[in-house]
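Worksheet for the structure shown next.
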Amino acid sequence: MKEAVQFTSEGLVLAGHLYKPQDWGETKKYPAVLVGGSWTTVKEQMSGLYANALAKQGFIAFAIDPRYFGESEGQPRFWENPAAKIADYQNAIIYLQTVPGVDKNNIFLTAICASAGYLANVAAQSE
57 MKEAVQFTSE
67 GLVLAGHLYK
77 PQDWGETKKY
87 PAVLVGGSWT
97 TVKEQMSGLY
107 ANALAKQGFI
117 AFAIDPRYFG
127 ESEGQPRFWE
137 NPAAKIADYQ
147 NAIIYLQTVP
157 GVDKNNIFLT
167 AICASAGYLA
177 NVAAQSE
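Its first residue numbered 57, the sequence shown is counted upward by one per residue in this note's numbering.
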(Lines of atoms letter the chains of each structure in order from A and count residues from 1; the text may use other names and numbers.)
(Lines give C-alpha, C1' and ligand atoms only; values in the text may rest on other atoms or scores of the structure.)
Protein backbone atom coordinates (compact mmCIF):
# COMPACT_ATOMS: atom_id res chain seq x y z
CA MET A 1 0.00 0.00 0.00
CA LYS A 2 1.51 3.33 -1.12
CA GLU A 3 0.61 6.64 0.51
CA ALA A 4 1.64 10.08 -0.74
CA VAL A 5 2.92 12.21 2.16
CA GLN A 6 4.59 15.55 2.77
CA PHE A 7 7.08 16.69 5.40
CA THR A 8 9.32 19.71 5.87
CA SER A 9 13.05 20.09 5.64
CA GLU A 10 14.67 23.43 6.45
CA GLY A 11 11.44 25.28 5.64
CA LEU A 12 10.70 23.50 2.35
CA VAL A 13 7.82 21.08 1.79
CA LEU A 14 9.09 17.75 0.49
CA ALA A 15 7.09 14.94 -1.08
CA GLY A 16 7.42 11.25 -0.36
CA HIS A 17 5.78 7.90 -0.86
CA LEU A 18 5.30 5.75 2.20
CA TYR A 19 4.98 2.05 1.41
CA LYS A 20 3.30 -0.12 4.04
CA PRO A 21 3.20 -3.90 4.41
CA GLN A 22 0.08 -5.72 3.28
CA ASP A 23 -0.79 -6.62 6.90
CA TRP A 24 -0.26 -3.02 8.10
CA GLY A 25 -2.17 -1.98 11.17
CA GLU A 26 -1.77 1.17 13.25
CA THR A 27 -1.38 -0.81 16.46
CA LYS A 28 1.33 -3.10 15.06
CA LYS A 29 5.02 -2.14 14.99
CA TYR A 30 7.14 -2.56 11.87
CA PRO A 31 10.79 -1.92 11.08
CA ALA A 32 11.19 1.01 8.69
CA VAL A 33 13.63 1.72 5.87
CA LEU A 34 14.48 5.06 4.29
CA VAL A 35 15.48 4.39 0.68
CA GLY A 36 17.86 6.88 -0.95
CA GLY A 37 17.88 7.16 -4.73
CA SER A 38 20.61 7.80 -7.28
CA TRP A 39 21.78 11.11 -8.72
CA THR A 40 19.02 13.41 -9.96
CA THR A 41 16.27 10.87 -9.35
CA VAL A 42 12.70 11.04 -8.12
CA LYS A 43 10.72 8.78 -5.80
CA GLU A 44 8.87 7.08 -8.63
CA GLN A 45 12.13 5.66 -9.99
CA MET A 46 14.58 3.30 -8.26
CA SER A 47 13.96 4.32 -4.67
CA GLY A 48 10.23 3.73 -5.10
CA LEU A 49 10.81 0.31 -6.66
CA TYR A 50 13.08 -0.68 -3.77
CA ALA A 51 10.63 0.71 -1.19
CA ASN A 52 7.75 -1.23 -2.72
CA ALA A 53 9.79 -4.46 -2.63
CA LEU A 54 10.76 -3.83 1.01
CA ALA A 55 7.12 -3.26 1.99
CA LYS A 56 6.28 -6.66 0.50
CA GLN A 57 8.85 -8.10 2.92
CA GLY A 58 7.16 -6.51 5.96
CA PHE A 59 8.90 -3.13 6.24
CA ILE A 60 7.44 0.35 6.22
CA ALA A 61 9.57 1.90 3.48
CA PHE A 62 9.97 5.56 2.56
CA ALA A 63 11.09 7.03 -0.77
CA ILE A 64 11.34 10.81 -1.09
CA ASP A 65 11.86 13.56 -3.61
CA PRO A 66 14.70 15.59 -2.07
CA ARG A 67 14.43 19.35 -2.46
CA TYR A 68 14.85 20.60 -6.02
CA PHE A 69 13.45 17.34 -7.45
CA GLY A 70 10.06 15.92 -8.40
CA GLU A 71 7.12 17.17 -6.34
CA SER A 72 9.31 18.76 -3.64
CA GLU A 73 9.93 22.47 -3.31
CA GLY A 74 13.21 24.26 -3.91
CA GLN A 75 15.02 26.28 -6.54
CA PRO A 76 16.93 25.87 -8.77
CA ARG A 77 15.33 22.68 -10.05
CA PHE A 78 17.42 19.52 -10.51
CA TRP A 79 20.33 20.76 -8.37
CA GLU A 80 22.33 17.86 -6.94
CA ASN A 81 23.31 19.48 -3.62
CA PRO A 82 24.90 16.93 -1.24
CA ALA A 83 24.49 19.03 1.94
CA ALA A 84 20.82 19.65 1.16
CA LYS A 85 20.16 15.98 0.41
CA ILE A 86 21.79 14.94 3.69
CA ALA A 87 19.55 17.38 5.58
CA ASP A 88 16.49 16.13 3.68
CA TYR A 89 17.28 12.50 4.55
CA GLN A 90 17.80 13.47 8.21
CA ASN A 91 14.40 15.17 8.23
CA ALA A 92 12.83 12.19 6.48
CA ILE A 93 13.95 10.04 9.43
CA ILE A 94 12.43 12.53 11.87
CA TYR A 95 9.19 12.30 9.88
CA LEU A 96 9.33 8.47 9.84
CA GLN A 97 9.46 8.48 13.64
CA THR A 98 5.98 10.09 13.66
CA VAL A 99 4.36 7.52 11.36
CA PRO A 100 1.93 5.19 13.14
CA GLY A 101 3.26 1.65 13.12
CA VAL A 102 6.95 2.54 12.78
CA ASP A 103 9.16 0.85 15.36
CA LYS A 104 11.32 3.84 16.30
CA ASN A 105 14.10 1.52 17.49
CA ASN A 106 14.30 -0.19 14.10
CA ILE A 107 14.75 2.45 11.41
CA PHE A 108 17.23 1.48 8.72
CA LEU A 109 18.79 3.07 5.65
CA THR A 110 19.40 1.64 2.21
CA ALA A 111 20.93 3.51 -0.66
CA ILE A 112 21.32 3.41 -4.41
CA CYS A 113 24.29 5.03 -6.13
CA ALA A 114 25.18 8.52 -4.84
CA SER A 115 22.84 8.34 -1.89
CA ALA A 116 25.14 5.71 -0.35
CA GLY A 117 27.50 8.53 0.57
CA TYR A 118 24.67 10.78 1.71
CA LEU A 119 23.09 8.13 3.91
CA ALA A 120 26.47 7.06 5.32
CA ASN A 121 26.85 10.67 6.43
CA VAL A 122 23.36 10.61 7.97
CA ALA A 123 24.14 7.38 9.83
CA ALA A 124 27.44 8.76 11.13
CA GLN A 125 25.67 11.83 12.53
CA SER A 126 22.72 10.03 14.12
CA GLU A 127 22.37 8.70 17.64
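For glycine and all other residues, C-beta sits at the position ideal for the given N, C-alpha and C.
Within 10 Å of its beta-carbon, does residue i have 16 or more other beta-carbons around it, so buried, or fewer, so exposed?
i: Arg133; result: exposed
i: Lys76; result: buried
i: Asn161; result: exposed
i: Gly67; result: exposed
i: Gly81; result: exposed
i: Val69; result: exposed
i: Ala167; result: buried
i: Ala179; result: exposed
i: Ala107; result: buried
If I'm right that residue i touches residue j with Cβ under 8 Å, what's the distance once you round it to whole angstroms?
i: Tyr145; j: Leu105; result: About 18 Å separates the two Cβ atoms, so there is no contact after all.
i: Val98; j: Phe125; result: 5 Å
i: Ser103; j: Cys169; result: Not quite, the Cβ-Cβ distance comes to about 10 Å (not below 8 Å), so this is no contact.
i: Lys85; j: Gly173; result: Lys85 to Gly173, Cβ: 30 Å. No contact.
Quick check on DSSP: helix, strand or coil for residue i?
i: Gly130; result: coil
i: Gly104; result: helix
i: Ala139; result: helix
i: Ala60; result: strand
i: Lys112; result: helix
i: Gly173; result: helix
i: Tyr75; result: strand
i: Val69; result: strand
For residue i, which residues in the same chain have their Cβ closer than 6 Å to its Cβ, ignoring the five residues on either side in sequence?
i: Ser182; result: none
i: Glu127; result: Ala71, Asp121
Given 8 Å as the limit, is there contact between the region 63-82 and the region 113-131, that is, 3 or more CB pairs closer than that? Touching, yes.
When you compare the region 61-70 with the region 145-157, are there three or more beta-carbon pairs, one atom per stretch, that lie closer than 8 Å? Yes: at least three Cβ pairs fall under 8 Å.
Indicate whether the contact test is met: 3 or more Cβ pairs, each with one atom in the region 133-142 and one in the region 77-85, closer than 8 Å. no
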